[in-house]
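Residue numbers (the numbering used here): 24 to 185.
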Ligand SMILES: [Zn+2]
């Protein structure tokens, strides 16, 4: 329809998300496939190390970094179990987006928690990747998950009493 802006289907993930604004923002850019991963830098003619700094195995793409990478797999597995979600993150970009929407739609507290760890998980993975590239600093999965779980507890306390 003319003049009507088509909203991306993942808008529900942004709405009422208690995650930190910078985490929601990063999730938004990630879902729009606009984060500057090395495969995208290469399109701009910028030469950088192509191997993913997390698994040191695959070429860095958003699909690897956030979904298929061993590091990301372990982060999602631990985060999902921390909120007692009996589900596994799928392995392809398309399926991942559908999965996010399926679990992130609605108003229940469990849904709010899912959206929260989704945004903070994406943000955590992106920051970890940047720290490794630019600061040569790295954390293992356990340290990163601990930090995200801590942020979750602090920021979602109000969800439980509602
Ligand atoms: Zn990787």
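Glycine is no exception: its CB is placed at the ideal position from the N, C-alpha and C atoms. Predicted model only: the values in this text are computed from it and were never measured.
Quiz item: Any residues whose CB sits closer than 5 Å to a heavy atom of ligand 1? List them in chain order?
Solution: 75, 77, 78, 81, 87, 92
Practice problem: Leaving out five residues on either side along the sequence, give the residues of the same chain with a beta carbon under 6 Å from the beta carbon of residue 35. | Solution: 127, 128
Quiz item: Going by DSSP, what residues sit across from residue 82 in a beta bridge?
Solution: 74
Exercise. Report the option in 87, 109, 110, 177 whose CA atom is closest to the CA atom of residue 149.
Key: 87
Quiz prompt | Per-residue DSSP class, three states only, for residue 99 | solution = helix
Practice problem: Evaluate residue 147 with the Cβ neighbour count: other Cβ atoms within 10 Å of its Cβ, from every protein chain shown; 16 or more gives buried, anything less gives exposed. | Solution: buried
Practice problem: Report all residues from its chain with a CB closer than 6 Å to the CB of residue 81; omit the five preceding and five following residues, and keep chain order. | Solution: 75, 87
Quiz item: In three-state DSSP terms, what is residue 148?
Solution: helix
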